[in-house]
Amino acid sequence: MTEVKVIIADDHPVVRQGLRQMLAVEQDLTVVGEARNGQEVVELSRRVPWEVAVLDYNMPGKNGLELIKELRQRYPGRAVLILSMYPEDRYAVRALKAGAAGYLTKESAPEELVSAIRKVAGGGRYVTPTLGEKLALELEDNRGKPLHETLSDREYQVMWMIASGKTVRQIADELFLSPNTVSTHRTRILRKMNMKSNAELMHYAIAHHLVD
Amino acid sequence: MSEVATAARSAAVPEGLSPEPTVDSAPQAKILLVDDEPKSLFALQELLSTLGQNLMIAQSGEEALRLALKNDFAVILLDVRMPGIDGFETARLIRSRERSRLTPVIFLTAAADEMSSMFRGYEVGAVDYLQKPVVPEILKSKVAVFVELHRKSERLRESEEKLRRLAAHLISVREEERAHIAREIHDELGQVLTGLKMEVTWLAKRLREKPLIEKTDSMCKLIDTTVQTVRKIATGLRPEMLDDMGLIAAVGWQAKEFQKRTGIRCRAKLPPEVKLDIDVSTTMFRIFQEILTNVARHSRATRVDMELTVNEDRVGLEVTDNGVGIADSDLNGKKSLGLLGMHERALLFGGEVKITGTAGHGTRVSVSIPVRQRA
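Going down the list, the sequences are from chains A and B.
Under our numbering, the first sequence has 162 at position 162, and the numbering climbs by one with no breaks.
Under our numbering, the second sequence has 272 at position 272, and the numbering climbs by one with no breaks.
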């Protein structure tokens, strides 16, 4: 197995130390340099040979996107992997668009980081299963209207409340409606969405990130 | 030192540069006396000099107009009969300008004048009418009333100005503090937790006993939950997106979050991304949040439509809901501090907020703030 030379960059010593420790165990990965901010990354990238740069998204100095773009421009063949405190759903797509080979949050399991480094070193891209699923859902949504879009505004609200685990009684109280009306809404929602139970509804709402 | 100060004060003071008011005396009010006859002017000056105010004189309507352009008068004493622009016309012109729209005018007229001219006087904004020759006590006490009124409204204006500045200061201090705490929590605490997790994972890899591995697993899960909590707190204080990606992305995210949190559909129409001034972005973002809070709390709406627009000189936000509609009494009520806060925030950047409600047909909020776009 060929050796992969890795640069790690994070402004926090604890994180750098953790990364170093984690990668030291892996035979095929070598940390060839560390940086504490954007400027140091740029300097380091010139000084030492490397294949993968593991960068914190938010370091002092340059912002994450600028840094990705700069490294990609100078070293088109090498991979930039973002390891960030920020949630994937808001930042990953941007980072990937800017040229990052992958985006991981710091909650990711260490094994995931290690396999991500291996994958991007080989020229591939690394997308977490969660993000992959989200992208797939978006593709699916683009083909046709997602089911919940067929609901009226009121039905959507009732659907959301059911999916959040509220009872018909609670929903009726909160919306100033009679329980009968709420039940009618519920029946119509289930029919429109082609479902049989509240549990199915909940499952759908969670999968589509309609509720937390 | 005191000699110099005294000398400076007694020296002629150029117009508009009156000496700093001392603690024990209120600033002088300006009074304008207008008459074409130098003799009458002199008499008026003599009479009113005991009031201790700043008396200015004009011998014609034109001259009076020029002075009224540059000064705020507590009261203007205006002779009706003058060659050129007469007293009525002068009063009309003075009061047609925004700055002097409410300046009180007392007309002075010869005894021969008829009642009919009095009506003309009141039409152009006279607050009083005195016949020559004037009775000194009456004139003095009338002028004194206006001086007092002027002083009080000046004081009111000043204290309003101070309150506004204080509000602005509080808003910006609060925003800075939030941003600071958010950054500290997110960066410091978050990173330490990340480091901690890496250490636990390192440890876990070396363990062979099942109960111990189970412990490290649950420690990892606990750390993950804590990281998520930290992130939630930080974002709640100040969404990092606002700084990283700008207003448009942040508003879009907030709209989605709102729908996810309340079940009220929120449709966002957003322009292509542009870089905007960060303070204006913060203001707009906070106003948007406040609007959404109000929708969730009071509107009973099932739907919110929002549109953000950006052109060369303004950023505009329009939010409508299909709820019960805000009542006029709530727009100015004592409980509407949130609305007041929105207005104040917008005002800070020369913007404005318009809120209209129709019973049963929802509420519409329009915000417009001038911007300087950065290249």
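Every residue, glycine too, gets a C-beta built ideally from N, C-alpha and C.
Note that this is a predicted model, so its numbers are computed, not measured.
Point to revise | One or two residues paired with B:Arg-314 in a DSSP bridge | key: Start at 1 with the first residue of the second sequence, and residue 314 of chain B comes out as number 314. According to DSSP, which records beta bridges pairwise, B:Arg-314 is partnered with B:Pro-370.
Practice item. Would you kindly report the start and end of the unbroken alpha helix (DSSP H) that includes B:Thr-216? Key: Counting from one through the second sequence, the residue named residue 216 of chain B turns up at place 216. Counting along the chain, the alpha helix (DSSP H) containing B:Thr-216 begins and ends at 210-237.
**Study point:** Classification of B:Val-23 by the beta-carbon crowding that lies within 10 angstroms, buried from 16 upward
**Key:** Taking the first residue of the second sequence as 1, we reach residue 23 of chain B at position 23. With a pLDDT of only 43 at B:Val-23, under 50, the local geometry of the prediction cannot be trusted, and the value read off the model is given with reservation. Exposed.
Exercise for review: Taking 8 Å as the cut-off, decide whether the C-beta atoms of B:Thr-293 and B:Leu-348 are in contact.
Suggested key: As a working mapping, residue 293 of chain B is identified with position 293 in the second sequence. As a working mapping, residue 348 of chain B is identified with position 348 in the second sequence. No, these two residues do not count as a Cβ contact at 8 Å.
Check your understanding: What's the C-alpha gap between A:Lys-97 and A:Tyr-103?
Key -> By 1-based counting over the first sequence, the position of residue 97 of chain A is 97. By 1-based counting over the first sequence, the position of residue 103 of chain A is 103. If I take the Cα positions, the gap works out to 11 Å.
Review point. Could you give the C-beta distance for B:Val-147 and B:Gln-53, rounded to a whole number, given that I count them as a contact under 8 Å?
Key: Along the second sequence, read from residue 1 onward, the residue named residue 147 of chain B stands at position 147. Along the second sequence, read from residue 1 onward, the residue named residue 53 of chain B stands at position 53. Between B:Gln-53 and B:Val-147 the Cβ distance is about 6 Å, and since that is below 8 Å, they are a contact.
Point to revise | Chain-order list of residues whose beta-carbon lies under 7 Å from that of A:Asp-11 (same chain, five-residue window excluded) | key: Numbered from its first residue, the first sequence carries residue 11 of chain A at position 11. Hits under 7 Å: Arg-36, Asn-37, Asp-56, Met-59, Pro-60.
Check your understanding: Listing by chain order, which chain B residues have their CB less than 8 Å from the CB of A:Gly-102?
Key -> Translated into positions along the first sequence, residue 102 of chain A becomes position 102. For A:Gly-102, no chain B residue has a C-beta closer than 8 Å to its own C-beta; the minimum C-beta separation is roughly 17 Å.
Check your understanding: Considering only C-alpha positions, which residue in the set A:Thr-181, A:Ile-206, A:Leu-201 is nearest to A:Leu-190?
Key -> Looking up residue 190 of chain A in the first sequence gives position 190. When only C-alpha atoms are compared, the closest one is A:Leu-201.
Review point. Comparing the C-beta of A:Asn-63 with each C-beta of chain B, is any distance below 8 Å?
Key: Position 63 of the first sequence, counting from 1, holds the residue named residue 63 of chain A. For A:Asn-63, the answer is yes, since a Cβ of chain B falls inside 8 Å of its Cβ.
Point to revise | Chain-order list of residues whose beta-carbon lies under 6 Å from that of B:Asp-35 (same chain, five-residue window excluded) | key: Your numbering for residue 35 of chain B matches position 35 in the second sequence. Within the same chain, B:Asp-35 has close Cβ partners Leu-41, Asp-79.
**Study point:** Endpoints, alpha helix (DSSP H) assigned at A:Tyr-91
**Key:** Indexing the first sequence from 1 puts residue 91 of chain A at position 91. 88-98 is the extent of the alpha helix (DSSP H) around A:Tyr-91.
Practice item. Flag B:Arg-376 as yes if its beta-carbon sits less than 8 Å from any beta-carbon of chain A, otherwise no. Key: Residue 376 of chain B falls outside the range modelled here, since chain B spans only 1 to 375, and no answer is possible.
Practice item. Would you check if there are 3 or more beta carbon pairs closer than 8 Å linking the stretch 354-371 of chain B to the stretch 303-319 of chain B? Key: yes
Review point. For A:Ser-84, does the count of other Cβ atoms within 10 angstroms reach 16, so buried, or fall short, so exposed?
Key: Position 84 of the first sequence holds residue 84 of chain A. It is buried - the Cβ of A:Ser-84 has at least 16 other Cβ atoms within 10 Å.
Check your understanding: Can you give the Cα-Cα distance for B:Gly-252 and B:Ile-223, rounded to whole angstroms?
Key -> Taking the first residue of the second sequence as position 1, residue 252 of chain B is located at position 252. Taking the first residue of the second sequence as position 1, residue 223 of chain B is located at position 223. The C-alpha of B:Gly-252 lies about 30 Å from the C-alpha of B:Ile-223.
Check your understanding: A:Tyr-204 lies in the alpha helix (DSSP H); which residues open and close that run?
Key -> As a working mapping, residue 204 of chain A is identified with position 204 in the first sequence. Residues 198-207.
Check your understanding: Just to confirm, are A:Glu-213 and A:Val-114 a CB contact at a threshold of 8 Å?
Key -> Only positions 1 to 212 of chain A appear in the structure, and residue 213 of chain A is not among them; the question remains open.
Exercise for review: Classify A:Val-48 as buried or exposed, calling it buried when 16 or more other Cβ atoms lie within 10 Å of its own Cβ.
Suggested key: Indexing the first sequence from 1 puts residue 48 of chain A at position 48. Answer is exposed; the Cβ neighbour count stays below 16.
Point to revise | Between the CA atoms of B:Asp-277 and A:Gln-73 - distance to the nearest angstrom | key: As a working note, residue 73 of chain A is residue 73 in the first sequence. As a working note, residue 277 of chain B is residue 277 in the second sequence. Roughly 28 Å between the two C-alpha positions.
Practice item. Could you please give the first and the last residue of the uninterrupted alpha helix (DSSP H) stretch that includes B:Lys-70? Key: As a working note, residue 70 of chain B is residue 70 in the second sequence. Residues 61-70.
Check your understanding: Under a three-way DSSP split, which group does B:Lys-152 fall into?
Key -> Position 152 of the second sequence, counted from the first residue, corresponds to residue 152 of chain B. If DSSP states are grouped into helix, strand and coil, B:Lys-152 belongs with the helices.
Point to revise | Where A:Ala-199 falls, given that 16 or more other Cβ within 10 Å makes a residue buried | key: Translated into positions along the first sequence, residue 199 of chain A becomes position 199. The residue in question, A:Ala-199, is exposed, as its Cβ has fewer than 16 Cβ neighbours within 10 Å.
Check your understanding: Is it the case that the CB of B:Lys-162 approaches a heavy atom of the ligand ADP more closely than 7 Å?
Key -> With respect to small molecules bound, the structure shown includes none, and the ligand ADP cannot be examined in it.
Review point. Nearest chain A C-beta to B:Val-227 closer than 8 Å, yes or no?
Key: By one-based count along the second sequence, residue 227 of chain B stands at place 227. Yes, B:Val-227 counts as interfacial toward chain A.
Check your understanding: Of the residues B:Leu-196, B:Met-306, B:Ile-138, which one's Cα is nearest the Cα of B:Cys-266?
Key -> Here residue 266 of chain B refers to the residue found at position 266 when the second sequence is read from its first residue. The residue with the shortest Cα to Cα distance from B:Cys-266 is B:Met-306.
Practice item. Output the distance between the C-alpha atoms of B:Pro-14 and B:Gln-28, rounded to the nearest integer angstrom. Key: The residue labelled residue 14 of chain B in the question sits at position 14 within the second sequence. The residue labelled residue 28 of chain B in the question sits at position 28 within the second sequence. Note that B:Pro-14 has pLDDT 45, beneath the 50 cutoff, so the model's placement of it is unreliable and the number below is only indicative. Going by the C-alpha atoms only, they are around 14 Å apart.
Review point. Closer than 8 Å, CB to CB, is B:Asp-224 near chain A or not?
Key: Translated into positions along the second sequence, residue 224 of chain B becomes position 224. For B:Asp-224, a Cβ of chain A is located within less than 8 Å of the residue's own Cβ.
Practice item. State the Cα-Cα distance for the pair B:His-343 and B:Glu-89, rounded to the nearest angstrom. Key: Translated into the one-based positions of the second sequence, residue 343 of chain B becomes position 343. Translated into the one-based positions of the second sequence, residue 89 of chain B becomes position 89. A straight-line Cα-Cα distance of about 39 Å links B:His-343 and B:Glu-89.
Check your understanding: What residues match up with B:Ile-57 in a beta bridge as DSSP calls it?
Key -> Along the second sequence, one-based indexing puts residue 57 of chain B at 57. Paired residue(s): B:Leu-33.
Exercise for review: Between the Cα of B:Gly-246 and those of B:Thr-229, B:Pro-271, B:Leu-237, B:Arg-261, spot the shortest distance and give me the residue it belongs to.
Suggested key: Taking the first residue of the second sequence as position 1, residue 246 of chain B is located at position 246. Minimum Cα distance to B:Gly-246 is reached at B:Pro-271.
Review point. Contact between the stretch 111-126 of chain A and the stretch 84-93 of chain A: three or more CB pairs below 8 Å?
Key: Too few Cβ pairs lie closer than 8 Å, so no.
Check your understanding: CB B:Ile-57 to CB B:Ile-76, shorter than 8 Å?
Key -> Position 57 of the second sequence, counted from the first residue, corresponds to residue 57 of chain B. Position 76 of the second sequence, counted from the first residue, corresponds to residue 76 of chain B. Contact flag unset, no.
Check your understanding: For B:Gln-131, which three-state DSSP category applies?
Key -> As a working note, residue 131 of chain B is residue 131 in the second sequence. If DSSP states are grouped into helix, strand and coil, B:Gln-131 belongs with the strands.
Point to revise | Alpha-carbon to alpha-carbon, B:Glu-123 and B:Gly-325 | key: Looking up residue 325 of chain B in the second sequence gives position 325. Looking up residue 123 of chain B in the second sequence gives position 123. Each residue's alpha carbon lies about 41 Å from the other.
Point to revise | A:Leu-177 to A:Val-168 span [Cα, whole Å] | key: For this step, residue 177 of chain A is matched to residue 177 along the first sequence. For this step, residue 168 of chain A is matched to residue 168 along the first sequence. Between A:Leu-177 and A:Val-168, the C-alpha separation is close to 10 Å.
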